[in-house]
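Novice: Residue numbers are given in my numbering: position 117 of the sequence shown equals residue 97, and the series is strictly consecutive.
Think of the CB as a built atom: it goes at the ideal place given N, C-alpha and C, for glycine as much as any other residue.
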Amino acid sequence: MAEDSDPFECRLVFLSLLNKLNASQQSIYKVASYAMRHRKLSEDLYSCLIEELEQASLNARLNIVYVLDAIFSASVKSRFTGYVDLTKSDLERIIQAVVPNDPKGVVNLPNMRKILHHWKQKRIFDTSDIEKAEKPLLGRETNSHTASSDGFSKQDILRRMEEDRERHKRLREEIWIRSTEEPPEAEFEQLWENTDGLDLETDYEAMMVENMTRLPHYAWHMMLTQRTHPSLSSSPPSNSLPPPSQDIDMCRVSP
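#1: May I have the straight-line CA-CA distance separating Ala40 from Thr182, to the nearest angstrom?
#2: Does the segment 101 to 110 come close enough to the segment 9 to 18 to have 3 or more Cβ pairs within less than 8 Å?
#3: For Ile95, tell me which candidate among Arg17, Ser22, Lys84 and Leu71 has the shortest Cα-Cα distance.
#4: Apart from the five residues just before and just after Asp65, which ones in its own chain have a Cβ nearer than 6 Å to its Cβ?
#5: Could you check whether Leu42 and Leu29 sit closer than 8 Å to each other, using their CB atoms as the reference points?
#6: Determine, using beta carbons only, whether Ser(-15) and Leu25 come nearer to each other than 8 Å.
#7: Just to confirm, are Met303 and Ile51 a CB contact at a threshold of 8 Å?
#8: Could you check which residue in Ala3, Ser4, Lys0 and Ser27 has the C-alpha nearest to that of Arg(-12)?
#9: Would you mind sorting Arg103 into buried or exposed? The rule is 16 or more other CB atoms within 10 Å of its CB.
#10: Residues in the same chain with beta-carbon distance under 8 Å from Met230, minus the five sequence neighbours each way, listed in chain order, please.
#11: Short of 7 Å in beta carbon distance, which residues of its chain neighbour Ala77, apart from the five on each side in sequence? Order them along the chain.
#12: Would you call Asn(-1) buried or exposed, if buried means 16 or more other Cβ atoms sit within 10 Å of its Cβ?
#13: Beta-carbon separation of Leu89 and Leu117 under 8 Å?
#14: Between Phe60 and Arg19, is the Cβ-Cβ spacing less than 8 Å?
#15: In three-state DSSP terms, what is Ser124?
#16: Using the three-state DSSP reduction, which class does Ser58 fall into: helix, strand or coil?
Okay, structure coming up:
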């Protein structure tokens, strides 16, 4: 951590970095690293982030949100809560700035939802706080192609596609990174909490159909008929059928 940093000078340097920010991982990490190096001035630097967020172009606003995401990841490793605490009360304000309620704002909607989902998974904020803040996004039009053709040039669209690919690299990497200090069962608990419960009406049928594709010569259809129409089947119970081979995958089919 930088010692005895001059607040005014740090603000100027940080604003300069934000003005040069682009979608590359190197640029995002550079800004986030500066914020963490001078975290004693977190309130000053955070105010710079919010000011720039509300003044920048739509694309630049998204880059700033990815800077926040990088800062949060570094904060978790450093056990520093300053930036997270400051952001918590501004979640709705940030979402409104990144996804304004106009035809062009919808372009940032898919990326903003990915970031919010990522923060949920990493438990950066309480799930209830994120769900409350993202309520205005519910029901918004997600078809960004319509908005793109209505206010962006072809060059803008192509540049945006390339920058989105850059931004998504970080999220894909973050999926596999686990803290060395978390308990062994943390990943299992996270997956358990984010997995939907077993649907007795549809999941067994979906698993049976998957098994039919893997071992088509086994009498799966008899088991399926007995489950869906037990009164129509005169066959013996399913447990009287010969057991399928051991290599059959009985796991649930992903939707």
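Specialist: Looking at the coordinates:
#1: 44 Å
#2: no
#3: Leu71
#4: none
#5: no
#6: no
#7: This structure does not reach residue 303, given that the chain is present from -19 up to 235, and the question cannot be answered.
#8: The amino acid occupying residue -12 in the given sequence is Phe; Arg does not appear at that position. For Phe(-12), the nearest C-alpha among the options comes from Ser27.
#9: exposed
#10: Only weak support is given to the placement of Met230: the predicted model assigns it a pLDDT of 47, under 50, and the value that follows is read from those uncertain coordinates. Taken in chain order, the residues that qualify are Met187 and Asn191.
#11: Leu33, Glu34 and Arg41
#12: exposed
#13: yes
#14: yes
#15: Because the pLDDT of Ser124 is 44, which lies under 50, any placement of that residue in the model is unreliable, and the number read from its coordinates should be weighed accordingly. Ser124: helix per DSSP, three-state reduction.
#16: helix
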